[in-house]
Amino acid sequence: MVDDLFSTLGVQFDTLQSPSEIAEIRCYGVIRDLPEFMENMGAKKGQSVWTSRSSWIEFSKNELEAWLVDVPVGDHIIIVESQNDVEISYQCPSGVTLELWGKEKLALLIGYSVLESKNLEYLKEEKEKEQKKDIEDTVEKIESIFQKIKRKSQICIKSHINPNDSLDLLGISQAPCQPILLELCFWLVNGNLIGPENNVEEREWIVLEDNFSEEITLQEDLSFISSIPNLPILKIPLKNSLEKIQNNLNNLCDERRHESISTSELNSGKLLRWWKLDKKSIECSSKSVLVPSWLFISPIDGKKIINGLNGKVLDYKGELKGIH
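All letters in the sequence shown, in the order written, are residues 231 to 554 by the working numbering.
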């Protein structure tokens, strides 16, 4: 499993000067390149990565001490696949540093792998589809985001959140996080803005209704995931959504614009003037959207959600459906 995981995540190793095995602990090599989130977990370039063989017998202090006798000088990580917490007291020889990674850190690695859709099967499928999608991709580039959302049957937007950052703010280190998808709602709004001289301007807006964070926001710069991960989906049933959206549209869509004014050749300046949404012109349609997020269990508060849209840690609520 670990072999495929490192390959999927794009971790690269130098193996020429590394021992293949010491005391039945296998060496992958010295890290040459790794993704940023692994650096945030404590890994770094130049570090040797090892793994103990999976077994029903727990990794023991005797095995570790036997390994420490022959390990070369440098920084090392041992991945123990068979244990959640690896709590072994040890003393490293001079010039040797060591971290023990158990199942919790493996769960984080697997979560990142799934959410980034970088599994081996996905990569193979993408290569096969690349030529077929050239024409479609060209069309999408000239499409507005509004039209792209309107056209697609299923939508999943990218998350740029690191769950460790949210956990750190709570003072929780390396809690196992289960990747999930939150189901939110896009509202596609067409309407007119009316200017100060009764000028009419046709506009389109993308409004995101996030019932988990209880926020309604305008969205402009969005990135989409082309292949939606097969993950459980957490959903909150929508209630009175259209009414809520309509009540918030003026706050979201009205604009104050700087407009030049001139009373003479010598006197000119700029004035802030309102362009307001004409509610009679509004047309709304809704579309479900998925956001990669995380579920974890707080030792104090129980089940919690890390919202992949904004990184907020929220109470667990809604209905968790099966694999997408």
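For every residue, glycine included, the Cβ atom is placed at its ideal position computed from N, Cα and C.
Label residue i either buried or exposed according to how many other C-beta atoms from any shown protein chain fall within 10 Å of its C-beta, with 16 as the threshold for buried.
i	result
D440	buried
S453	exposed
N477	exposed
H390	exposed
K551	exposed
T245	exposed
C483	buried
G192	It is not possible to answer for residue 192, since the shown part of the chain is limited to 231 through 554.
W297	buried
W331	buried
V301	buried
H306	buried
K382	exposed
C257	buried
L399	exposed
K534	buried
If we call anything under 8 Å between Cβ atoms a contact, is residue i one with residue j?
i	j	result
G541	L464	no
I410	W524	yes
L544	S471	no
K335	M271	yes
G276	I252	no
L479	I436	no
L339	L448	no
I536	S396	yes
C386	I455	yes
S560	G240	Outside the displayed span of the chain (231 to 554) sits residue 560, for which this structure offers no information.
C415	S250	no
I424	D508	yes
S518	E445	no
F243	A405	no
E295	Y320	yes
L501	V521	no
I475	C514	yes
W505	E434	no
R486	P426	no
V559	F289	Lying before the first or after the last residue shown, residue 559 is absent from the chain, which here runs from 231 to 554.
F221	N460	The question about residue 221 has no answer, for the chain in this structure spans 231 to 554.
I255	K291	no
Name the two residues that bound the continuous beta strand (DSSP E) containing residue i.
i	result
S471	Counting along the chain, S471 falls outside any beta strand (DSSP E), though it belongs to the alpha helix (DSSP H) covering 471 to 483.
T447	445 to 448
I307	304 to 310
Q242	242 to 244
L328	326 to 331
D263	255 to 263
L294	First-last for L294: 291 to 300, but that is the alpha helix (DSSP H), not the beta strand (DSSP E).
S282	278 to 282
L468	Careful: L468 lies outside any beta strand (DSSP E) and carries neither H nor E.
For residue i, report the span of its alpha helix (DSSP H) as first-last.
i	result
K378	375 to 381
E288	Note, E288: premise wrong, no alpha helix (DSSP H); not H, not E.
N270	266 to 270
S237	232 to 239
Quick check: is the beta carbon of residue i nearer than 8 Å to any beta carbon in chain C?
i	result
V519	Within the model displayed, chain C is absent; a lone protein chain is all it includes.
Any contact between the segment 302 to 321 and the segment 266 to 283? By contact I mean 3 or more CB pairs, one from each, below 8 Å. yes
Across the segment 406 to 420 and the segment 372 to 386, are there enough close Cβ pairs to call them in contact, namely three or more that are closer than 8 Å? yes
Could you pull out every unbroken beta strand (DSSP E) segment of at least 3 residues lying fully inside the segment 389 to 440, listed in chain order? 408 to 424, 430 to 440
Any chance you could list the beta strand (DSSP E) runs of at least 3 consecutive residues sitting entirely within the segment 503 to 554, in chain order? 532 to 536, 543 to 545, 549 to 553
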